[in-house]
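One structure below.
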Amino acid sequence: MREFLIAGNWKMNATSAASAELVAGIIDGVPSGEGFSVLVCPPFPYIAAVAEQARGSAVLVGAQNVSEHAKGAFTGEVAPSMLRDVGCEYVIVGHSERRAIYGETSAQVAAKFVAAQAAGLTPILCVGETLDEREAGTTEAVIDEQLDAVLDVAGIDALAAAVIAYEPVWAIGTGKTATPEQAQDVHRHIRARLAAQNEAVAGGMRILYGGSMKGENAAGLLGQPDIDGGLIGGASLKAADFLAIAAAAAAQK
Ligand code: PGA
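Numbering (our numbering), first residue to last: 1108 to 1360.
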């Protein structure tokens, strides 16, 4: 049985005081029960303190980005082993903001995926189409290209130790959520594409939905058979909003 993963992507928000308060609120309010886990991904400077605070609690810690290189002369970059060293278990790779604003290619995302796993991190691989791509009817082709770039380099077996997040770009930060049916269609497609290579990996894969997920729409999305959690931006910045989504996950297990 797949566990839900409710993951907060804080993006470039918070201060040290605000992140301490936010994670304290999340630790305090995480619903008890089985079948789901809760993850926060703060900005780099706050990860170590948040991980320290979260140690021994039900809250997991991850990062929003990582270098594809292990170490060396890469000014401004953060190595996967450094993230492990400060308490990260997960790392987001290929977020649409990285792809669109910083020009990360699918090949680079695949290299980050491999480097993250080599250091013992679980990558959360983000895929998703823009509005133009959806309207042009190329949603599945776009997602296939993003997925295949990783499958070709890492191999299907590596996907067993990863998470996928489907994030339609048009739904991120816009308040426009994909309907549960729209999301489920793409999640089903992703799982089927993995199943064509390995049914067990496909069956165990947690596929998160991301894009304006909030307390009010979480139950409908999480109720879909192929949606295994959420990657949450805006609604992860207030403990009560984030916990409402965690509660919706807990209620379904
Ligand atoms: P959003 O962001 O919840 O603010 O739409 C999701 C994401 O970008 O991961």
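For each residue, glycine too, the CB sits at the ideal point set by N, CA and C.
Proximity below 7 Å, CB of residue i to CB of residue j
i: C1195; j: V1221; result: no
i: A1158; j: L1190; result: no
i: I1339; j: G1132; result: no
i: G1210; j: V1276; result: no
i: A1272; j: A1278; result: no
i: D1333; j: Q1289; result: no
i: E1274; j: S1203; result: yes
Residue i, enclosing beta strand (DSSP E) - first and last residue
i: V1147; result: 1143–1148
i: G1317; result: 1313–1317
Rounded C-alpha distance that separates residue i from residue j
i: V1193; j: G1163; result: 15 Å
i: R1205; j: V1173; result: 11 Å
i: L1266; j: V1308; result: 7 Å
i: E1110; j: I1208; result: 32 Å
i: T1182; j: A1358; result: 45 Å
i: G1317; j: N1305; result: 25 Å
i: E1175; j: G1227; result: 14 Å
i: T1229; j: V1198; result: 6 Å
i: S1362; j: T1281; result: Because the chain here runs from 1108 to 1360, residue 1362 falls outside it and cannot be looked at.
i: Q1331; j: T1212; result: 30 Å
Residue i: CB within 6 Å of a non-hydrogen atom of the ligand PGA
i: N1116; result: yes
i: G1341; result: yes
i: G1317; result: yes
i: I1279; result: yes
i: L1146; result: no
i: L1238; result: no
Residue i, enclosing alpha helix (DSSP H) - first and last residue
i: P1187; result: 1187–1192
Examine the Cβ distances between the segment 1348–1357 and the segment 1130–1149 and report whether three or more of them are shorter than 8 Å. yes
At least three beta-carbon pairs within less than 8 Å, the segment 1340–1347 to the segment 1296–1314: no
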